[in-house]
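Participant: Top to bottom, those sequences are chains S and Z.
The opening residue of the first sequence carries number 0 in numbering that gives the first Met the number 0; numbering runs sequentially from there.
The opening residue of the second sequence carries number 0 in numbering that gives the first Met the number 0; numbering runs sequentially from there.
No residue lacks a Cβ here, since even glycine has one placed at the ideal position from N, Cα and C.
There are 2 protein chains.
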Amino acid sequence: MKPTLTIEYCPRCGWLLRAAWMAQELLTTFADDLHGITLRPSEVAGRYTITLGEADVLWDRKREGGFPEPKTIKQLFRDRIAPTRSLGHSDR
Amino acid sequence: MKPTLTIEYCPRCGWLLRAAWMAQELLTTFADDLHGITLRPSEVAGRYTITLGEADVLWDRKREGGFPEPKTIKQLFRDRIAPTRSLGHSDR
Chain S
0 MKPTLTIEYC
10 PRCGWLLRAA
20 WMAQELLTTF
30 ADDLHGITLR
40 PSEVAGRYTI
50 TLGEADVLWD
60 RKREGGFPEP
70 KTIKQLFRDR
80 IAPTRSLGHS
90 DR
Chain Z
0 MKPTLTIEYC
10 PRCGWLLRAA
20 WMAQELLTTF
30 ADDLHGITLR
40 PSEVAGRYTI
50 TLGEADVLWD
60 RKREGGFPEP
70 KTIKQLFRDR
80 IAPTRSLGHS
90 DR
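1. Go ahead and pull the three-state DSSP assignment for L26 (chain Z).
2. What separation, rounded to the nearest whole angstrom, lies between the Cα atoms of A30 (chain S) and S89 (chain Z)?
3. Would a C-beta distance cut-off of 8 angstroms place E7 (chain Z) and S41 (chain Z) closer than the cut-off?
4. Please check the pair T3 (chain S) and T37 (chain S), which I expect to be a contact at CB under 8 angstroms, by giving their CB distance rounded to whole angstroms.
5. Count the other CB atoms within 10 Å of the CB of K48 (chain S); is the residue buried (16 or more) or exposed (fewer)?
6. Could you tell me whether any Cβ in chain Z is nearer than 8 angstroms to the Cβ of P10 (chain S)?
7. Please identify, using Cβ separations under 8 angstroms, the residues of the region 12-46 of chain Z that lie next to chain S, in order along the chain.
8. Report the partner residues of I72 (chain S) according to the DSSP bridge assignment.
9. So K1 (chain Z) and H34 (chain Z) are supposed to be a Cβ contact under 8 angstroms. How far apart are they, rounded?
10. Within 10 Å of its beta-carbon, does T83 (chain S) have 16 or more other beta-carbons around it, so buried, or fewer, so exposed?
11. Please state whether DSSP places W14 (chain S) in a helix, a strand or coil.
12. Assuming R11 (chain Z) and A44 (chain Z) form a contact by the criterion Cβ under 8 angstroms, report the distance between their Cβ atoms to the nearest whole angstrom.
13. According to the neighbour-count rule (16 or more other Cβ atoms, all chains shown, within 10 Å of its Cβ), is F76 (chain S) buried or exposed?
14. Please name the residue or residues paired with I49 (chain S) in a DSSP beta bridge.
15. Given a threshold of 16 other Cβ atoms within 10 Å of its Cβ, counted over all protein chains shown, does R79 (chain Z) qualify as buried or as exposed?
16. Compare the C-alpha of E24 (chain Z) against each of Z:E68, Z:V56, Z:G13 and name the closest.
17. Return the chain-ordered list of same chain residues with a C-beta closer than 8 angstroms to the C-beta of W14 (chain S), the five sequence neighbours on each side being excluded.
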């Protein structure tokens, strides 16, 4: 079974577009590796988290102190699902 | 528990952008009503389906013979979760 990612975002903060952009970046790079990406409106103000499966939090805006670039999430995801794979210029 | 929607699309057909657009339309209108929307790359060529929960297929490109407008999906979803609610100009 391929893994899923969940991007939980604060809709009242206006982060839907950011979350959808990230989903498209990841689905472009990992179309064959992902079962899917879920966009989830959060009821918690200021939340922006990206979680692999049920509980592996790749990014938490409050923990990390800001938003990630797609490159960072691509590397974190790749490290978990195919650590020897090159991401091309996302590795430079 | 709020419902989920799944948009399954054919990545080789180039339909990621269309699927992500639809997800954003629905998440804008139903931010408070949805648990989330999953974007799922299909392994089946030519697939574009929008499913409520596990099995309520709101739209199937092959069954319907084309792609839906957001307004159509908004009405189908609204009819299921809050049939008396007005969608404003998406009802005209």
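Facilitator: Short version:
1. Locating residue 26 (chain Z) in the second sequence gives position 27, where the first residue counts as 1. L26 (chain Z): helix per DSSP, three-state reduction.
2. On the first sequence, residue 30 (chain S) is found 31 positions in, with the first residue counted as 1. On the second sequence, residue 89 (chain Z) is found 90 positions in, with the first residue counted as 1. So the alpha carbons of these two residues sit roughly 32 angstroms apart.
3. Locating residue 7 (chain Z) in the second sequence gives position 8, where the first residue counts as 1. Locating residue 41 (chain Z) in the second sequence gives position 42, where the first residue counts as 1. The answer is yes: Cβ separation under 8 angstroms.
4. Reading the first sequence from its first residue, position 4 is the one you call residue 3 (chain S). Reading the first sequence from its first residue, position 38 is the one you call residue 37 (chain S). Indeed they touch by this definition, with Cβ atoms about 7 angstroms apart.
5. As a working note, residue 48 (chain S) is residue 49 in the first sequence. For the record, residue 48 (chain S) in the displayed sequence is Thr; it is not Lys. With 16 or more Cβ atoms within 10 Å of its Cβ, T48 (chain S) is classed as buried.
6. Translated into positions along the first sequence, residue 10 (chain S) becomes position 11. Closer than 8 angstroms to some Cβ of chain Z, the Cβ of P10 (chain S) qualifies, so yes.
7. L15, L16, A19, A22, Q23, L26, T27, A30, D31, L33, H34, G35, I36, T37, L38, R39, P40
8. Locating residue 72 (chain S) in the first sequence gives position 73, where the first residue counts as 1. Bridge partners of I72 (chain S): none, in fact.
9. Taking the first residue of the second sequence as position 1, residue 1 (chain Z) is located at position 2. Taking the first residue of the second sequence as position 1, residue 34 (chain Z) is located at position 35. Yes, they are in contact, since the Cβ atoms of K1 (chain Z) and H34 (chain Z) sit about 4 angstroms apart, within 8 angstroms.
10. Translated into positions along the first sequence, residue 83 (chain S) becomes position 84. Answer is exposed; the Cβ neighbour count stays below 16.
11. For the purposes of this step, residue 14 (chain S) is taken as residue 15 along the first sequence, with counting starting at 1. Reduced to three states, the DSSP call for W14 (chain S) is coil.
12. Within the second sequence, residue 11 (chain Z) is the residue found at index 12, counting from 1. Within the second sequence, residue 44 (chain Z) is the residue found at index 45, counting from 1. R11 (chain Z) to A44 (chain Z), Cβ: 7 angstroms. Contact.
13. What you label residue 76 (chain S) is simply residue 77 of the first sequence in a count that begins at 1. So F76 (chain S) ends up on the buried side.
14. Walking along the first sequence from the start, residue 49 (chain S) turns up at place 50. S:I6, S:W58.
15. Counted from its first residue, the second sequence places residue 79 (chain Z) at position 80. Counting Cβ neighbours within 10 Å, R79 (chain Z) comes out exposed, since fewer than 16 surround it.
16. Within the second sequence, numbered from 1, the residue matching residue 24 (chain Z) stands at position 25. Nearest C-alpha to E24 (chain Z): Z:E68.
17. Along the first sequence, one-based indexing puts residue 14 (chain S) at 15. If we look at W14 (chain S) and ignore the five residues flanking it on each side, its Cβ neighbours are Y8, Y47.
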